[in-house]
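Residue numbering for the sequence shown follows the working numbering, beginning at 66 and increasing consecutively. Glycine is no exception: its CB is placed at the ideal position from the N, C-alpha and C atoms.
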Amino acid sequence: MLVDILTLIVGVVLAWFGGEWFVRGSVNLATWARWPAAVVGATVAAFGTSSPELMVGINAAVEKVPQLSFGDVMGSNVVNVGLVLGIALCTARMEVARGVVRRDLIVVLSLPVLLAALLWDGLFSRFDAAILLLIFAGWLVQMVRSARAFSAVQKAVPVAEGPEENLHKSLGHTLIGLLLLFAASYLVVRGGKGIALALGWSEFVVGAVVVAIATSTPELATTLVARMRGHDDVSLGNILGSNIFNGAFIVGVVAMIRPFHMQIQEVLPSLIMGSATALLLLPTRSRLLGRRRGWILLSLYVVYVGWTLLHPGAAPAHAAALPATGA
66 MLVDILTLIV GVVLAWFGGE WFVRGSVNLA TWARWPAAVV GATVAAFGTS
116 SPELMVGINA AVEKVPQLSF GDVMGSNVVN VGLVLGIALC TARMEVARGV
166 VRRDLIVVLS LPVLLAALLW DGLFSRFDAA ILLLIFAGWL VQMVRSARAF
216 SAVQKAVPVA EGPEENLHKS LGHTLIGLLL LFAASYLVVR GGKGIALALG
266 WSEFVVGAVV VAIATSTPEL ATTLVARMRG HDDVSLGNIL GSNIFNGAFI
316 VGVVAMIRPF HMQIQEVLPS LIMGSATALL LLPTRSRLLG RRRGWILLSL
366 YVVYVGWTLL HPGAAPAHAA ALPATGA
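Structural data, given as structure tokens:
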């Protein structure tokens, strides 16, 4: 277990440096391409930081334990808002862009309800997967349209640096950051899963509590670095985009590979707390999220962990049932 703890620590350190380089490169790319930073945060940054969940999902589906991936996705969405955004808001309040409320937040609020409806019969089928993937594709199209409209408005504004030099530098920073985040996710998942197995929890609980917080380390690093650099739009866009990527695309891919049975009672804590934390993202008329919400989100995350561990679905799991690799 000591090796797992050391692996987890190294992964967290790599995630921090990866987040620093990734935010620097992605924000510069947004400037170069004349895309709004919030769109870059919700697409490039979100897809990059959600790559651990995707890797875990594909591996879990192949190894015939898709429930672990579903737990990871559901837990990660609560971690992203309750823990990651909660910590970020405790440092300073955050302004929410109008486009985020109109587009991303509506999807994030709708996903737990949709997942509950799809799980009502106890089976996540390929038809259910197709519905999620179509919703994700529709959201992605809207993101691209928003970026192109913004780019058209900004087309007359000159770029400060030499375009080619700025592009190459930004791409380099972004790729280095992604590679570090990729390595961090592998180490964090391996270490986190090893610790969880030593505690003897079910596949879903392992995914929802330990693997989720492990795979959300890139989101935490990226969000905190973006906050320190004054890029709130990247922070919030990254979190919302990650939740949409997790709940629509990854669940869709996993169920398309291997449909699975899951009782809605087992995932009830994740569905309820996912909705509760998402509701707290609704901004005031001034479009601000204050520090008080940060403390409330952190409190809800603590409640979520306790509820998940004490829920009947937290029955002991067998180590042989889990995927052989951490990513």
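task = Starting from E128, follow its DSSP beta bridges and name the residues at the other end.
result = According to the DSSP secondary-structure assignment, E128 is paired through a beta bridge with no residue.
contact_flag[the segment 195-212, the segment 325-344] where n(CB pairs < 8 Å) is 3 or more: Segments in contact, no.
| query | What three-state label does DSSP hand E160 in the structure shown? | reply | DSSP places E160 within a strand segment (E or B) once states are collapsed to three.
Assigned secondary structure, P180 (DSSP; H/G/I helix, E/B strand, else coil): Before going further, note that residue 180 is Leu rather than Pro in the sequence given. Of the three classes helix, strand and coil, the one that applies to L180 here is helix, per DSSP.
**Prompt:** Just how far apart, CA to CA, sit D137 and V276?
**Reply:** Roughly 6 Å separates the two Cα atoms.
So, with DSSP's three-state summary, where would you put L346? The answer is coil: DSSP assigns L346 none of H, G, I, E or B.
Open item on the list: Checking the sheet assignment: what are the DSSP bridge partners for L170?
Closed with: According to DSSP, which records beta bridges pairwise, L170 is partnered with nothing at all.
Taking the alpha helix (DSSP H) that R358 falls in, what are its first and last residues? 356-375 is the span of the alpha helix (DSSP H), which, as asked, contains R358.
inquiry  = Would you say N145 lies against chain E (beta-carbon separation less than 8 Å)?
reply    = In summary, chain E is missing from the structure at hand, where a single protein chain is found.
Let me confirm a value: T342 is counted as buried when at least 16 other C-beta atoms fall within 10 Å, else exposed. Which label applies?
Within a 10 Å sphere around the beta-carbon of T342 sit 16 or more other beta-carbons, which makes this residue buried.
| Under the three-state reduction of DSSP, which class applies to L240: helix, strand or coil? | Secondary structure at L240: helix, using DSSP grouped into helix, strand and coil.
Does the separation of the CB atoms of F310 and F112 fall below 8 Å? Yes; because the gap between Cβ atoms is below 8 Å, this pair is in contact.
Check your understanding: For H326, which residues does DSSP report across the bridge?
Key -> In the DSSP assignment, H326 forms a beta bridge with L188.
- On the three-pair Cβ rule with 8 Å, is the segment 318-327 touching the segment 112-129? Taking 8 Å as the limit for Cβ pairs, the verdict is that the segment 112-129 does touch the segment 318-327.
Nearest candidate by alpha-carbon position, reference V78, set N93, V370, P131, G242 = Per the C-alpha coordinates, the member of N93, V370, P131, G242 positioned closest to V78 is G242.
Query raised in the report: At which residues does the alpha helix (DSSP H) containing R294 begin and terminate?
Result: Note, R294: premise wrong, no alpha helix (DSSP H); not H, not E.
Exercise. Report the option in V316, I171, V270, L245 whose CA atom is closest to the CA atom of F82.
Key: Ranking V316, I171, V270, L245 by Cα distance to F82 puts L245 first.
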